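Numbering (this note's numbering), first residue to last: 186 to 695.
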């Protein structure tokens with residue numbers, strides 16, 4: 186098995202490159218079709234490209250040389266990079282060497298012999314070493330592996346200048362690939378990071394406001410936002426809140442359980458009554474109180490309480506005492522189960538949040554998944570009951586306090602971005618209607634007075650126009666273009682003028 190893994194590892198490292206995530210793609214670059222703008226009407230023919238392919242010459246055309254030319258590569262920049270590495274790695278060993286040689290040969294030292302420290306000094310003996318001594322000894326490093334590696338790197342770097350141009354080209358391509366992966370593709374160490382460069386997911390938020398159970402709550406709140414500079418940001422926040430609240434609303438909104446953490450909509454039971462399995466037993470009815478208390482709901486298990494709640498919910502909506510298979514009875518049973526599972530799931534969540542265990546306890550998905558399926562099944566039963574009998578449907582939702590919400594079709598469900606755009610367009614339409622109503626009301630105010638002023642101004646303009654026409658008529662009389670006191674309508678001498686025009690035409694036309 187190891188023999189097979191080694192070639193595969195070599196293949197992926199050398200040819201397929203290093204992919205640490207199966208989501209990054211199937212190669213070095215992601216290929217996709219670039220949609221182009223078509224302006225040639227001939228391309229509307231479905232066989233256009235086949236016909237053009239037949240017209241191509243059969244002679245081999247010279248292939249374009251797509252290889253990088255040496256003069257096109259920034260080799261000087263590559264050399265500058267290597268020079269930078271050289272200077273960086275060259276300064277540190279030199280400084281370390283100078284620092285090591287700065288200490289004198291006759292430096293004070295300590296020797297240990299049977300845990301007795303003797304200082305080679307005539308004045309002081311049996312003195313323990315101080316912190317400054319260890320600090321000084323730590324700086325006295327000999328020429329070791331780090332310096333050797335730095336010198337090797339310097340030698341290799343300097344040798345690149347002596348390599349031929351082809352080797353420099355290969356080095357530049359390797360540097361270019363490294364820069365590409367470092368800056369653009371990044372390094373994904375897990376396939377759980379998501380499908381993009383950044384991990385994004387909807388954070389499920391805890392909903393405590395009962396008003397959010399209204400399916401149009403966020404749309405109504407979006408309409409109340411002020412139209413200021415922060416309107417778009419506030420709309421984005423509402424979109425995130427809407428998406429984050431959907432999970433809890435799916436489980437609790439139809440049963441009005443948001444903010445109800447006391448009884449979860451379950452019926453109140455008389456704890457002195459016997460358990461469901463022991464009801465109707467004559468011996469228990471005549472038994473002493475201590476025995477009745479043992480078999481009462483006060484000492485019942487979770488299963489017995491669940492059965493009692495289901496029985497009470499079914500009694501509210503069933504048709505008769507023997508009804509147990511109708512849609513109404515099924516809806517009552519499903520409602521009791523849904524609310525009980527919500528109660529149990531909430532207890533698990535409280536235990537999970539208050540636990541100090543690291544890592545945290547897992548979520549109770551063995552409850553939430555069947556709960557989601559049962560909610561959808563109850564919605565189906567409600568839809569069928571509504572089609573069969575509207576009266577039984579209304580009685581069920583009133584007795585069980587169910588909020589029946591008609592689900593939108595998948596094509597009408599809006600995503601976060603589309604939802605924000607729809608709310609923005611709706612708000613623009615509402616503001617337009619408001620402004621039109623305001624203008625209409627302003628127009629209706631004092632309309633009679635405005636119309637009277639307009640009529641008065643129109644009459645004054647008509648009188649002024651009449652006076653101007655009379656003045657122009659007097660000027661025409663003075664210029665002998667017309668005469669005064671004409672009875673009827675004055676017409677020019679069209680016949681005489683026409684005769685003159687015809688004579689002139691015959692005279693000048695050759």
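Just so you know, even glycine gets a beta-carbon here, dropped at the ideal spot from N, CA and C. Every value quoted in this text rests on a predicted model; they were computed, and no experiment measured them.
- The shortest C-alpha to C-alpha distance from residue 586 to any of 612, 498 and 630 is the one to 498.
- Boundaries of the alpha helix (DSSP H) around residue 559: 550-573.
- Here the C-alpha atom of residue 666 lies approximately 14 Å from the C-alpha atom of residue 656.
- Residue 588 is bridged by DSSP to nothing; it lacks a bridge partner.
- Residue nearest to residue 521 within the set 451, 534 and 224 is 451 (criterion: CA-CA distance).
- Cβ neighbours of residue 582 within its own chain (closer than 6 Å, five residues either side excluded): 589.
- The shortest CA-to-CA distance from residue 494 to any of 228, 599, 525 and 681 is the one to 525.
- By the Cβ-count criterion, residue 460 is buried, with 16 or more other Cβ atoms from all chains shown falling within 10 Å of its own Cβ.
- Runs of alpha helix (DSSP H) with 4 or more residues, each lying fully within the segment 503-547, are found at 512-539, listed in chain order.
- Residue pairing for residue 459: DSSP places it in a beta bridge opposite 481.
- Judged by DSSP secondary structure, residue 432 falls within the alpha helix (DSSP H) whose first and last residues are 416-437.
- Here the segment 568-583 makes contact with the segment 504-517; the two share three or more CB pairs at distances below 8 Å.
- Linking residue 458 to residue 407 through their CA atoms gives a straight-line distance of about 51 Å.
- Excluding sequence positions up to five before and after residue 394, its CB lies within less than 8 Å of the CB of 443 and 444, all in the same chain and listed in chain order.
- By the C-beta criterion, the segment 428-447 is judged to be in contact with the segment 396-415, since at least 3 inter-stretch pairs fall below 8 Å.
- It is roughly 32 Å from the alpha-carbon of residue 477 to the alpha-carbon of residue 516.
- For residue 658, the enclosing alpha helix (DSSP H) starts and ends at 632-663.
- For residue 405, the uninterrupted alpha helix (DSSP H) segment begins and ends at 402-408.
- Here residue 527 is not near residue 403, since their CB atoms are 8 Å or more apart.
- Between residue 479 and residue 569, the alpha-carbon positions lie close to 43 Å from each other.
- In the displayed model, residue 499 falls within a helix according to three-state DSSP.
- By the Cβ-count criterion, residue 641 is exposed, with fewer than 16 other Cβ atoms from all chains shown falling within 10 Å of its own Cβ.
- Using a 10 angstroms sphere on the CB of residue 424, the tally of other CB atoms reaches 16 or more, which defines it as buried.
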